[in-house]
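This report refers to the structure that appears directly beneath it.
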Amino acid sequence: MPDVSTTIDVGPAARRRALGAWVLAGGLLCLCGCSRVLGPRATLGPGAIVRGRGLYNEVISATNNEQTLQLIVRARYGEPAGLLSVASVTANLQATASTAAQFGIGPSSNYNGNLVPLAVGFGYAENPTIAYTPVQGERYAKAILSPVGLDVLVLLAATEHAPARLVSALVKRVNGLQNPLYGPPEARAGFERSIALLERLQTAGQATWTSTSGKTGGFALVIHDYAATRDVVDDLLRQWRLSPSLARGDRAIVLPINLAVGHATGTQLNVLTRSVYELVVLEASAVDVPPEHAALGLADHALDRVSSVQGLLRIRSSADPPSIPVLVAVRHRGYWFYISADDAESKLAFQLLQTLIGMRLVESTPQSAPTLTIPVAK
């Protein structure tokens, strides 16, 4: 049977109509199925919120940690440091679609197999802008220098698994027992003994920080169910210069907490708290100063005498970038300063300061302050 082949030339007009139909169909297919084409990590709409929110939060949290550590390190060197508060985050998404087609003119042998009849493209770009507000002025000074409120102290003290020594770093005096920022350990011996006794009762579930009912909305420390640890309670009352009769009959002991100075005149605790600035100085004493810097006298020698956070926080230093996992690391004066990721106590102490600084930033940032806007990408 003879080989019969037929060639049909549809003409230029028919070709354009067919090409237009293919382009339209391909464009609709791309737009409808863009999430599948781009993959699960490049979705738009609600998917972009799910993915973007976590990433922005992670980056802002990391930069806040670096800013706090930089503040501590600069305090160790006696250098001023500024703070920036994130005012807003704006992200614009721009989507683009494109189609292209190739066709030849002249004999088909000139372009056969070298043309792409239809090409469809789709892309999107994200252009985030982060606005920072400089934290400065009288409001910031008052917020950073004012003593921490009793409400914050009680909330932290009542937190489960919070080391009593860490919370006590916020307190510089209780019922006449002093916890000075500077000076030898003997100057705070009585205070530290009382904190150790209180920690024993808290660990046993026999000491509870709570709020009191009434118009004043005060706070109190309640010691209860201590029949098996009566000697610890008696010793604690003596340390705080309170009457031993409070423990008569193993009844619950309710000690109202006042923000006051001096010895207690009744059955209460007179507490004087530190400011956030003092806590920064306290934690700055835990920075390991490189021998080269110590020899040059670059660090603040006054902080060498601060020792009340020893064992609770350690900020290490090295000339090279840390080779171990870290919580946060910053570079200052040619050295790296960091907190190790496996140092649980240091991370908790750093988190405490980070929380308090965040509270003060919110309180001291004016709503109408000028902002510094940095476009992250074009």
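Note that the numbering used here gives residue 607 to position 40 of the sequence shown, counting from 1, and the numbers run on in steps of one. Even glycine gets a Cβ: it sits at the ideal position worked out from N, Cα and C.
For T770 versus V789, is the C-beta spacing smaller than 8 Å? Within the sequence shown, the letter at position 203 stands for residue 770. Within the sequence shown, the letter at position 222 stands for residue 789. Contact: no.
In the structure shown, what three-state DSSP assignment does P701 receive? Mapped onto the sequence shown, residue 701 falls at position 134. P701 carries a strand assignment under DSSP once its states are collapsed to helix, strand and coil.
Which partner residues of Y902 appear in the DSSP bridge assignment? If you number the sequence shown from 1, residue 902 lands on position 335. Paired residue(s): H899.
Nearest-angstrom Cα distance between G901 and D887? Walking along the sequence shown from the start, residue 901 turns up at place 334. Walking along the sequence shown from the start, residue 887 turns up at place 320. Whole-angstrom Cα-Cα distance: 9 Å.
Between E845 and I820, what straight-line distance do the alpha-carbon atoms span, to the nearest angstrom? Here residue 845 refers to the residue found at position 278 of the sequence shown. Here residue 820 refers to the residue found at position 253 of the sequence shown. Cα to Cα, E845 sits roughly 32 Å from I820.
Would a C-beta distance cut-off of 8 Å place L636 and V897 closer than the cut-off? One-based indexing of the sequence shown puts residue 636 at position 69. One-based indexing of the sequence shown puts residue 897 at position 330. Between L636 and V897, the C-beta spacing is below 8 Å.
Taking the continuous alpha helix (DSSP H) assigned at A774, which residues delimit it? Numbered from 1 along the sequence shown, position 207 holds the residue referred to as residue 774. Segment A774 to S778 is the beta strand (DSSP E) holding A774; no alpha helix (DSSP H) there.
Can you tell me which residues form a DSSP beta bridge with Q745? The count along the sequence shown starts at 1 and reaches residue 745 at position 178. According to DSSP, Q745 bridges with R740.
What is the DSSP secondary structure of S713, reduced to helix, strand or coil? Along the sequence shown, read from residue 1 onward, the residue named residue 713 stands at position 146. Residue state, collapsed to three classes: coil.
Nearest-angstrom Cα distance between L733 and L915? Indexing the sequence shown from 1 puts residue 733 at position 166. Indexing the sequence shown from 1 puts residue 915 at position 348. Computed Cα separation, rounded: 9 Å.
When DSSP labels each residue in this structure, what does V821 get in the three-state scheme? Residue mapping note: residue 821 aligns to position 254 of the sequence shown, counting from 1. Assigned with DSSP and collapsed to three states, V821 falls in strand.
Could you pull the start and end residues of the alpha helix (DSSP H) that R883 belongs to? Locating residue 883 in the sequence shown gives position 316, counting from the first residue. Bounds of any alpha helix (DSSP H) do not take in R883; it lies within the beta strand (DSSP E) bounded by R883 to S885.
Does the Cβ of E850 have 16 or more other Cβ atoms within 10 Å, making it buried, or fewer, making it exposed? For this step, residue 850 is matched to residue 283 along the sequence shown. The residue is buried, with at least 16 neighbouring Cβ atoms inside 10 Å.
Coarse secondary structure for R927, derived from DSSP in three states: Here residue 927 is taken as the residue at index 360 of the sequence shown, counted from 1. In the three-state reduction of the DSSP assignment, R927 falls in the helix class, which pools H, G and I.
Measure the alpha-carbon distance for H868 versus H860 and round it to whole angstroms. Here residue 868 is taken as the residue at index 301 of the sequence shown, counted from 1. Here residue 860 is taken as the residue at index 293 of the sequence shown, counted from 1. H868 and H860 have their alpha carbons spaced roughly 11 Å apart.
What residue range is occupied by the uninterrupted alpha helix (DSSP H) comprising A763? Taking the sequence shown and counting its residues from 1, one reaches residue 763 at position 196. A763 -> alpha helix (DSSP H) spans A756 to T770.
For V847, the first and last residue of its enclosing alpha helix (DSSP H): Start at 1 with the first residue of the sequence shown, and residue 847 comes out as number 280. Its alpha helix (DSSP H) spans residues V843 to A851.
Determine the contact status of V813 and T834, defining contact as a CB-CB distance below 8 Å. The residue you call residue 813 lines up with position 246 of the sequence shown. The residue you call residue 834 lines up with position 267 of the sequence shown. What sits at residue 813 in the sequence shown is Leu, not Val. Contact flag set, yes.
What does a CB cutoff of less than 7 Å around M926 pick up in its chain, not counting 5 residues either side in sequence? Counting from 1 along the sequence shown, the entry for residue 926 is found at position 359. Once the five neighbours on either side are set aside, M926 has no close Cβ partner at all.
Confirm, please, whether the CB-CB distance from A831 to T817 is below 8 Å. As a working note, residue 817 is residue 250 in the sequence shown. As a working note, residue 831 is residue 264 in the sequence shown. Note that residue 817 corresponds to Asp in the displayed sequence, not to Thr. Taking 8 Å as the Cβ cut-off, D817 and A831 do not qualify as a contacting pair.
Could you name the residues of the same chain whose beta carbon sits closer than 6 Å to that of V828, not counting the 5 residues immediately before and after it, in chain order? Within the sequence shown, residue 828 is the residue found at index 261, counting from 1. If we look at V828 and ignore the five residues flanking it on each side, its Cβ neighbours are L839.
On a CA-only basis, which of A654, H791 and V687 is nearest A664? Give me that one, please. For the purposes of this step, residue 664 is taken as residue 97 along the sequence shown, with counting starting at 1. Per the C-alpha coordinates, the member of A654, H791 and V687 positioned closest to A664 is V687.
When the Cα atoms are used, what is the spatial distance from G704 to E646? Here residue 704 is taken as the residue at index 137 of the sequence shown, counted from 1. Here residue 646 is taken as the residue at index 79 of the sequence shown, counted from 1. So the alpha carbons of these two residues sit roughly 18 Å apart.
What is the C-beta distance between A698 and S655, in whole angstroms, given that I count them as a contact (C-beta under 8 Å)? Counting from 1 along the sequence shown, the entry for residue 698 is found at position 131. Counting from 1 along the sequence shown, the entry for residue 655 is found at position 88. With a Cβ gap of about 5 Å, A698 and S655 count as contacting.
Identity of the residue in N837, R815, I906 and L894 nearest D855 by Cα: Stepping through the sequence shown from its first residue, residue 855 is reached at position 288. When the alpha-carbon of D855 is set against those of N837, R815, I906 and L894, the nearest one is in I906.
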